[in-house]
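What follows is a single structure, written as structure tokens, with notes after it.
The following block contains the structure:
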């Protein structure tokens with residue numbers, strides 16, 4: 001009787017009400033997130049063509065190791081990610097420190113820098129493509145300055161820098177808000193004590209802002225990396241992965257495999273690799289934040 005009583009008491013003590021409220025959200029997540037992830041993982045071990053699906057084991061993953069196209073995609077993705085992530089962190093950090101001062105029109109500038117992050121990627125991509133066309137505004141400016149025009153989006157050298165410029169401009173606003181939020185919680189008396197010790201502007205940044213913003217920097221780095229790895233719209237709108245595959249990055253490559261070549265198995269294997277990279281980065285953020293706490 002005592003054991004039965006303990007079990008009954010344990011059941012009555014369980015708080016089921018939060019789970020009742022979470023049920024709709026968990027149901028949607030299961031249908032639209034967890035089940036698709038499991039399906040992608042399953043399809044990565046099949047040939048996954050549009051006619052029939054047959055189990056082929058690890059053949060897709062072995063093919064990834066020797067596929068020259070995949071090697072080029074990985075190189076493009078690393079190149080694109082490094083030169084997008086670094087300025088997407090440094091520029092908004094410096095802007096946030098400036099806009100955290102008592103400057104005129106700082107509210108206007110905060111809004112102006114944030115607007116690109118909430119504007120449609122399609123609209124901005126079309127605008128950038130128009131700017132960098134052969135007869136676009138950028139080449140018109142070069143001609144007025146007595147420089148030769150550049151075939152920006154059809155050049156294997158210049159197309160990727162244009163994509164990087166666009167992606168960096170897009171992400172600056174979000175990181176600016178994140179860094180401003182981190183700066184707002186730094187006690188003002190730290191700056192006052194530093195001024196009494198004779199610290200200049202750069203000393204305050206190095207000894208006060210950067211140490212206090214360490215958790216914020218970790219969060220911004222991880223989120224910016226994830227946003228960059230899943231970049232798709234700008235490639236689709238501006239270059240289509242060309243010229244000569246020079247701007248084809250991982251997210252766009254997955255789209256091509258799945259919806260142009262209908263090779264769902266190989267596309268699923270590539271997606272699984274991308275998902276694993278994202279999970280590693282999220283785990284890194286969680287462990288680092290836990291250590292800081």
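Numbering (UniProt numbering), first residue to last: 1 to 293. Backbone N, C-alpha and C define an ideal beta-carbon position, used for all residues, glycine too.
Item                                                                                                                                                                        : Value
Quick one: measure Cβ to Cβ for residue 164 and residue 84, integer angstroms, because I've assumed they're closer than 8 Å.                                                : 5 Å
Ordered along the chain, which non-local residues of its own chain (more than five positions away) have a Cβ less than 7 Å from that of residue 252?                        : 232, 235, 236 and 241
So, using beta-carbon positions, are residue 247 and residue 159 closer together than 9 Å?                                                                                  : yes
Identify every residue that forms a DSSP beta bridge with residue 46.                                                                                                       : 55
Report the option in 178, 134 and 101 whose CA atom is closest to the CA atom of residue 155.                                                                               : 134
Leaving out five residues before and five after residue 44 in sequence, what residues of the same chain have Cβ atoms less than 7 Å from its Cβ?                            : 60, 265, 268, 269 and 272
Considering Cα atoms alone, identify which of 195, 172 and 167 is closest to residue 94.                                                                                    : 172
Check each candidate in 20, 138, 88 and 101 and name the one with the smallest Cα separation from residue 169.                                                              : 88
Measure the CB-CB distance between residue 92 and residue 175 and report whether it falls below 9 Å.                                                                        : yes
Helix, strand or coil for residue 69, going by three-state DSSP, please let me know.                                                                                        : helix
Could you spell out where the alpha helix (DSSP H) holding residue 230 opens and where it closes?                                                                           : Segment: none, residue 230 is in no alpha helix (DSSP H) and carries neither H nor E.
Within its chain, find whatever has a CB closer than 8 Å to the CB of residue 194; leave out the 5 residues flanking it on each side and keep chain order.                  : 203, 204, 207 and 208
Give the straight-line distance between the Cα atoms of residue 114 and residue 191, rounded to the nearest whole angstrom.                                                 : 27 Å
Inspect the beta-carbon positions of residue 50 and residue 219 and report whether they are closer than 9 Å.                                                                : no
Just the C-alpha distance for residue 75 and residue 53, rounded to the nearest angstrom, thanks.                                                                           : 31 Å
What does the Cβ neighbour count give for residue 1, buried or exposed, with the cut at 16 atoms within 10 Å?                                                               : Note that residue 1 has pLDDT 48, beneath the 50 cutoff, so the model's placement of it is unreliable and the number below is only indicative. Classification of residue 1: exposed, given that the 10 Å Cβ count is below 16.
Roughly how far, in whole angstroms, is the beta-carbon of residue 257 from the beta-carbon of residue 274, given that I think they are within contact range, below 8 Å?    : That belief does not hold up - the Cβ atoms of residue 257 and residue 274 are roughly 12 Å apart, past 8 Å.
Could you check if residue 40 is buried or exposed, using at least 16 other CB atoms within 10 Å of its CB as the buried criterion?                                         : buried
With C-beta atoms as the reference, is residue 183 less than 9 Å away from residue 97?                                                                                      : yes
Just to confirm my understanding: we take residue 136, look at its own chain, exclude 5 residues before and 5 after, and list those with CB closer than 7 Å. What are they? : 130
Taking residue 186 as the reference, which of 100, 69 and 23 has the closest Cα?                                                                                            : 100
Is residue 127 buried or exposed, if buried means 16 or more other CB atoms sit within 10 Å of its CB?                                                                      : exposed
Quick check: the Cα distance between residue 123 and residue 139, rounded to an integer number of angstroms?                                                                : 21 Å
What residue does the alpha helix (DSSP H) around residue 19 start on, and which one ends it?                                                                               : 17-29
For residue 213 and residue 180, I'd like the C-alpha separation in whole angstroms.                                                                                        : 10 Å
Alpha carbon to alpha carbon, what distance is there between residue 24 and residue 16?                                                                                     : 14 Å
For residue 162, collect the residues of the same chain with a Cβ closer than 6 Å to its Cβ; drop the 5 residues on either side in sequence, then sort them by chain order. : 132 and 152
Can you tell me whether residue 167 is buried or exposed, with buried defined as 16 or more other CB within 10 angstroms of its CB?                                         : buried
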